[in-house]
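Asks: One structure, pasted below without further comment.
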Amino acid sequence: MLNLLETIVLAKLPQMSRQELEAMFGVDDLRKTRFAQELKLEAKLETVPQLLKEGFSVEKIANILQLNVEQVLQFINTLN
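Just so we're aligned, residue 1027 is where the sequence shown starts under my numbering, counting upward by one.
Okay, structure coming up:
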């Protein structure tokens, strides 16, 4: 996920090296952005259908993905 952000930034600022961009933005700063947080959540939620297929309960899925049960249930409702 962080690699995706780096790729996007590198594409928009091709004259700067990866090291220069990391120094300018700081990797921790990128991880704290709302965009990065939303990507992280989206990546976690994409695993929910497979975990359900494997027989995990909603509570166990929430625990595994470090989400709350409500987030998992809301996502499941969007699948139907």
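Glycine residues also receive a C-beta, built at the ideal position from the N, C-alpha and C atoms. Computed from a prediction, not measured in an experiment: that's the story for all the values here.
(1) Once DSSP output is grouped into helix, strand and coil, what is the label at residue 1040?
(2) Straight-line CA distance for residue 1042 to residue 1098?
(3) Determine the contact status of residue 1095 and residue 1085, defining contact as a CB-CB distance below 8 Å.
(4) Alpha carbons only, please: which of 1093, 1092, 1071 is nearest the one belonging to residue 1102?
(5) Quick check on DSSP: helix, strand or coil for residue 1070?
Replies: According to the structure shown:
(1) Reading the sequence shown from its first residue, position 14 is the one you call residue 1040. Correct three-state label for residue 1040: coil.
(2) Stepping through the sequence shown from its first residue, residue 1042 is reached at position 16. Stepping through the sequence shown from its first residue, residue 1098 is reached at position 72. Each residue's Cα considered, the two are about 39 Å apart.
(3) On the sequence shown, residue 1095 is found 69 positions in, with the first residue counted as 1. On the sequence shown, residue 1085 is found 59 positions in, with the first residue counted as 1. Taking 8 Å as the Cβ cut-off, residue 1095 and residue 1085 qualify as a contacting pair.
(4) Locating residue 1102 in the sequence shown gives position 76, where the first residue counts as 1. Nearest C-alpha to residue 1102: 1071.
(5) Start at 1 with the first residue of the sequence shown, and residue 1070 comes out as number 44. It is helical.
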